[in-house]
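To keep things clear, I will list the structure first and then write my remarks on it.
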Amino acid sequence: MVPYFARVPNTTLPSRLAGLRALAGNLSWSWNREARALFAAIDDRLWHRVRHNPIDFLNQVDPARLEACATDPVFRAQYDEAMHWLQAESSNAQTWFATHHPELAGRTIAYFCAEFGLHNSVPIYSGGLGVLAGDHCKTASDLGLPFVGVGILYRNGYFDQKVAPDGWQQDSADALTLARTPITPIVLPDGAPCIVTVKLDGHDTFVRAWQLMVGRVPVILLDTDLPENRPEARELLSRLYSGGVEMRLRQEWLLGVGGVRVLRKLGIAPHVWHANEGHASFMYIERAREYIAGGMTFAEAVKAVRRESVFTTHTPVPAGHDVFARERVEAVAGPVWLDMGIDADTFASIGFHPEHGPSAFHMTACAVRMSSRVTGVSKLHAEVTREMLRPMWPNRPANSVPVGHVTNGVHLATWMANPIMKLLDRHLGNGWGFQLDDPAVWDRILTLPDDELWAAHRELKDVLFDVMKVQARRSFAQQEMTAAQIVGAGLLLDRHTLTIGFARRFATYKRADLLFHDPERLMRILGDADRPVQLIFAGKAHPADTPGKTVLQKVYQATRDPRFEGRVAFLEDYDMHIAHLLVQGVDLWMNVPRVPLEASGTSGMKAALNGVPQLSTIDGWWAEGYDGTNGWAVTGGGSADTVREDAEQAARIYELLEKEIVPRYYDRPSRTAEPKAWLATMKHAIRVAGRIFTAQRMVMEYTKAYYVPAMAGGDLPDDPPTA
Ligand SMILES: *Cc1c(COP(=O)(O)O)cnc(C)c1O
Numbered sequence: 032m033v034p035y036f037a038r039v040p041n042t043t044l045p046s047r048l049a050g051l052r053a054l055a056g057n058l059s060w061s062w063n064r065e066a067r068a069l070f071a072a073i074d075d076r077l078w079h080r081v082r083h084n085p086i087d088f089l090n091q092v093d094p095a096r097l098e099a100c101a102t103d104p105v106f107r108a109q110y111d112e113a114m115h116w117l118q119a120e121s122s123n124a125q126t127w128f129a130t131h132h133p134e135l136a137g138r139t140i141a142y143f144c145a146e147f148g149l150h151n152s153v154p155i156y157s158g159g160l161g162v163l164a165g166d167h168c169k170t171a172s173d174l175g176l177p178f179v180g181v182g183i184l185y186r187n188g189y190f191d192q193k194v195a196p197d198g199w200q201q202d203s204a205d206a207l208t209l210a211r212t213p214i215t216p217i218v219l220p221d222g223a224p225c226i227v228t229v230k231l232d233g234h235d236t237f238v239r240a241w242q243l244m245v246g247r248v249p250v251i252l253l254d255t256d257l258p259e260n261r262p263e264a265r266e267l268l269s270r271l272y273s274g275g276v277e278m279r280l281r282q283e284w285l286l287g288v289g290g291v292r293v294l295r296k297l298g299i300a301p302h303v304w305h306a307n308e309g310h311a312s313f314m315y316i317e318r319a320r321e322y323i324a325g326g327m328t329f330a331e332a333v334k335a336v337r338r339e340s341v342f343t344t345h346t347p348v349p350a351g352h353d354v355f356a357r358e359r360v361e362a363v364a365g366p367v368w369l370d371m372g373i374d375a376d377t378f379a380s381i382g383f384h385p386e387h388g389p390s391a392f393h394m395t396a397c398a399v400r401m402s403s404r405v406t407g408v409s410k411l412h413a414e415v416t417r418e419m420l421r422p423m424w425p426n427r428p429a430n431s432v433p434v435g436h437v438t439n440g441v442h443l444a445t446w447m448a449n450p451i452m453k454l455l456d457r458h459l460g461n462g463w464g465f466q467l468d469d470p471a472v473w474d475r476i477l478t479l480p481d482d483e484l485w486a487a488h489r490e491l492k493d494v495l496f497d498v499m500k501v502q503a504r505r506s507f508a509q510q511e512m513t514a515a516q517i518v519g520a521g522l523l524l525d526r527h528t529l530t531i532g533f534a535r536r537f538a539t540y541k542r543a544d545l546l547f548h549d550p551e552r553l554m555r556i557l558g559d560a561d562r563p564v565q566l567i568f569a570g571k572a573h574p575a576d577t578p579g580k581t582v583l584q585k586v587y588q589a590t591r592d593p594r595f596e597g598r599v600a601f602l603e604d605y606d607m608h609i610a611h612l613l614v615q616g617v618d619l620w621m622n623v624p625r626v627p628l629e630a631s632g633t634s635g636m637k638a639a640l641n642g643v644p645q646l647s648t649i650d651g652w653w654a655e656g657y658d659g660t661n662g663w664a665v666t667g668g669g670s671a672d673t674v675r676e677d678a679e680q681a682a683r684i685y686e687l688l689e690k691e692i693v694p695r696y697y698d699r700p701s702r703t704a705e706p707k708a709w710l711a712t713m714k715h716a717i718r719v720a721g722r723i724f725t726a727q728r729m730v731m732e733y734t735k736a737y738y739v740p741a742m743a744g745g746d747l748p749d750d751p752p753t754a
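Under the working numbering, the first residue of the sequence shown carries the number 32, and numbering increases by one thereafter.
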């Protein structure tokens with residue numbers, strides 16, 4: 032038997048405050064302001080020091096302090112309110128879904144994804160895809176969707192980033208300590224752990240299920256680190272993306288097949304199956320196998336699977352689509368085709384992509400064959416995807432390839448900072464959080480008082496700068512950094528200076544170094560005596576992405592280039608915590624991917640919700656979001672001559688900075704006065720993001736256009752691929 036992990040926290044709680052345990056055990060505290068305030072009220076400094084991990088917090092808090100809180104009437108009232116909310120959270124009864132679709136009560140939507148970015152204290156995500164999946168689950172909880180997530184418990188997380196003095200990224204394992212997370216083992220009614228078997232490489236492999244509660248939504252996480260498994264199988268689910276293609280293929284097989292089997296073991300019978308990105312495509316195959324075992328032919332099974340399946344593809348970058356050698360898939364999954372009553376060729380044809388030939392198994396092609404509802408993550412991305420998938424429908428023009436879109440959005444309560452929320456409370460009335468889909472609410476943003484919005488923004492900028500300075504001083508004191516590196520860590524940054532943030536994965540198409548195209552011109556912009564500008568960069572390169580690491584190195588070296596006079600900083604170890612600080616605390620968000628390779632982009636939406644306008648190429652969401660009032664657009668893109676295009680777009684960025692952005696930011700009577708024109712741009716940024724780019728809008732669209740029709744059964748919306 033597998034030993035269970037002791038439930039945290041170890042600290043004995045006063046009985047009056049026993050509910051803190053339940054609060055810490057469900058990630059819903061992270062997007063509830065009262066719950067967050069409650070932890071901070073107990074011990075603000077400790078709360079900050081544990082980086083908002085409530086389990087670490089309860090383990091370390093001074094018991095005497097808890098006793099004092101237990102008898103403090105003000106704290107008790109605050110506590111009771113949080114408990115009341117937690118109670119209401121435990122039922123779906125009054126939610127949007129329950130009231131709009133009572134006829135669908137009891138039906139379930141299963142959502143498979145290779146990573147979930149829910150909170151910094153649960154490091155099982157690498158970046159945008161995971162954070163999007165996390166925001167989707169939180170919103171499904173808010174709306175009361177009968178939703179269950181299925182993913183992988185990476186015990187070694189993604190990786191921690193340190194940058195060496197020469198700018199080369201060092202990757203170190205970021206091990207997850209289960210006892211410091213709210214992840215708990217799933218136990219069956221008879222007390223046994225929930226374990227299923229999956230045939231992998233010809234061996235039975237045991238997969239255990241864990242649970243992470245995200246409000247009303249359970250996220251099931253799979254794990255193979257069991258003594259019953261072969262030693263090599265125990266490691267298979269430990270690392271996220273960094274294990275190479277063989278590990279990746281096995282992870283995906285375990286996720287798809289193991290995920291379905293765990294749901295069955297738990298008695299969950301979903302009516303809708305949503306694979307978020309092609310990593311989860313094997314889920315469709317396992318379901319086809321089930322139908323065949325139940326008596327259907329292969330063709331009938333494919334049709335049945337298609338009827339209840341949704342697939343979202345997330346990137347036009349070819350490297351983002353897994354393509355495995357057919358023989359490798361057969362070695363890992365075989366001979367599953369025998370269970371499906373088909374031969375190996377028919378099995379391989381499920382992953383056939385005309386451009387990759389019969390010896391490749393293409394995970395996106397598999398998903399597209401097995402799902403009748405395929406979506407991209409922005410309007411532009413869907414167009415690009417139709418073009419990419421067109422070889423699968425050779426008789427159709429690109430515009431009738433059946434790919435729709437649901438543009439991404441971000442979870443407002445996760446990403447909008449407290450000072451901004453309080454401002455909206457004061458001016459929009461307390462109920463605004465329940466009327467996110469009412470455009471009139473967002474139009475009223477334009478009436479916010481300038482001085483209050485500016486004060487809220489200044490407060491958030493101070494938080495960012497304080498954190499950067501504390502970190503730089505600490506590293507210096509620990510002699511981890513030389514004086515020269517300290518400059519690059521932001522010690523010289525000035526709070527009154529226009530500050531541009533750029534934080535994202537260092538994939539080359541995101542062009543983090545575009546701004547350094549003409550260093551002389553950039554130097555003049557940054558170093559202007561009256562109207563200076565400074566830059567903060569953050570982001571990780573994928574451990575195997577050497578070109579990405581080279582771009583990172585180039586940017587990092589700029590932080591120490593004396594020509595830039597300490598006006599360029601790099602913040603290490605970009606994660607959700609750093610992302611919060613940056614999207615809330617800089618003045619302008621910069622995003623300059625090579626068009627059309629950024630499928631959506633979401634960090635700019637997070638920034639905009641905090642009144643931070645965006646300067647971006649017209650790609651992903653910005654092609655829908657930019658309206659001339661809420662930021663700036665770098666035109667152009669799509670040219671085959673990328674060298675010339677980079678030069679042209681860099682020049683456009685400099686020009687926008689010189690002629691529009693910098694003048695607008697500094698257009699005010701004194702250095703400390705409010706910039707009226709800039710504030711107008713800030714308000715429009717919030718207005719547009721709140722109105723269109725929240726995850727609430729996104730999940731409602733998925734529900735109306737895809738989940739409800741699939742749940743209700745009925746005809747297939749479109750034909751399967753013909754090639
Ligand atoms: C939002 C987010 C991302 C995605 O940002 P993009 O704009 O899509 O590049 C990546 N990583 C973290 C930690 C995030 O919070």
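Note that beta-carbon positions come from the ideal geometry of N, C-alpha and C, so glycine has one too.
Item	Value
Which residue marks the beginning of the beta strand (DSSP E) containing Ser506, and which one marks its end?	Per DSSP, Ser506 belongs to no beta strand (DSSP E); it is in the alpha helix (DSSP H), Asp481 to Ala508.
Could you pull the start and end residues of the alpha helix (DSSP H) that Gln118 belongs to?	Pro104 to Glu120
So, using beta-carbon positions, are Val518 and Arg594 closer together than 9 Å?	no
How would you write the range of the beta strand (DSSP E) that Val81 sits in, first residue to last?	Careful: Val81 lies outside any beta strand (DSSP E) and carries neither H nor E.
Take Ala825 and list the residues in its own chain whose beta-carbon comes closer than 7 Å to its own, dropping the five residues that flank it on each side.	No answer is possible for residue 825: it lies beyond the span of the chain, which begins at 32 and ends at 754.
Within this structure, are the beta carbons of Arg247 and Ser380 separated by less than 9 Å?	no
Check each candidate in Arg504, Leu369, Met731 and Arg47 and name the one with the smallest Cα separation from Ala108.	Arg47
Are the segment 134-144 and the segment 167-184 touching, with three or more C-beta to C-beta distances below 8 Å?	yes
Could you name the residues that DSSP lists as bridge partners for Ser647?	Asn622 and Ala664
What residue from Pro213, Gln201 and Trp116 has the CA that sits closest to His150's CA?	Pro213
For Glu317, which option in Phe378, Gly159 and Leu257 has the closest C-alpha, if you only look at C-alpha atoms?	Phe378
Rank Ala520, Thr170 and Ile73 by C-alpha distance to the C-alpha of Asn123 and give the top, closest one.	Thr170
May I ask you to report which of helix, strand or coil DSSP gives Thr236?	strand
May I ask you to list the residues that DSSP assigns as paired with Pro224?	Val218
DSSP on Val564, reduced to helix/strand/coil?	strand
Excluding the 5 residues flanking Ala332 on each side, which residues of the same chain have their C-beta closer than 7 Å to its C-beta?	Ala319, Tyr322 and Ile323
On the three-state DSSP scale, how would you describe Val363?	helix
Taking the C-alpha atoms as reference points, what is the distance between Leu613 and Gln645?	13 Å
With a cut-off of 8 Å, do at least 3 Cβ pairs link the segment 617-635 to the segment 665-685?	yes
What do you reckon, is the C-beta of Gly597 under 8 Å from a heavy atom of ligand 1?	no
Would you say the beta carbon of Asp468 comes nearer than 8 Å to a heavy atom of ligand 3?	No copy of ligand 3 appears in this structure; the ligands present are ligand 1.
When you compare only the Cα positions, how much space is there between Leu286 and Gly597?	46 Å
Let me know if Ala701 comes out buried or exposed under the rule of 16 or more other beta-carbons within 10 Å of its beta-carbon.	The displayed chain sequence assigns Ser, not Ala, to residue 701. Exposed, since its Cβ has fewer than 16 Cβ neighbours within 10 Å.
So which of Leu297, Gly161, Cys168 and Ala639 has the shortest CA-CA distance to Pro220?	Leu297
Does chain C have any CB closer than 9 Å to the CB of Ser122?	The chain inventory of the structure shown lacks chain C, comprising one protein chain alone.
For Ile531 and Gln466, what's the separation of their Cα atoms in angstroms?	31 Å
Tell me where the alpha helix (DSSP H) around Val441 begins and ends.	Neither: Val441 is in no alpha helix (DSSP H) and is coded neither H nor E.
Relative to the alpha-carbon of Glu676, which residue among Thr660, Trp653, Thr648 and Leu688 has its alpha-carbon at the smallest distance?	Thr648
Can you name the start and end residues of the alpha helix (DSSP H) that Ser403 belongs to?	Run containing Ser403: none; DSSP gives neither H nor E here.
With contact counted as at least three CB pairs below 8 Å, one residue from each stretch, are the segment 404-412 and the segment 350-357 in contact?	no
Helix, strand or coil: how does DSSP classify Gln125 here?	coil
What is the rounded straight-line gap between the Cα of Arg38 and the Cα of Arg211?	The pLDDT assigned to Arg38 is 47, lower than 50, so where the model puts this residue is not dependable; a value taken from the coordinates is nonetheless given after this. For Arg38 and Arg211, the distance between alpha carbons rounds to 10 Å.
Which residues in the same chain as Ala708 place their Cβ atom closer than 6 Å to its Cβ, once the five residues preceding and following it in sequence are excluded?	Arg695 and Asp698
Check each candidate in Ala119, Arg138, Cys168 and His83 and name the one with the smallest Cα separation from Gly744.	Arg138
Please confirm whether Arg421 and Val437 have their CB atoms less than 9 Å apart.	no
Just the Cα atoms here: how many angstroms apart are His714 and Gly662?	Sequence inspection shows Lys at residue 714; the His mentioned does not correspond to that position. Distance between the alpha carbons of Lys714 and Gly662 is about 10 Å.
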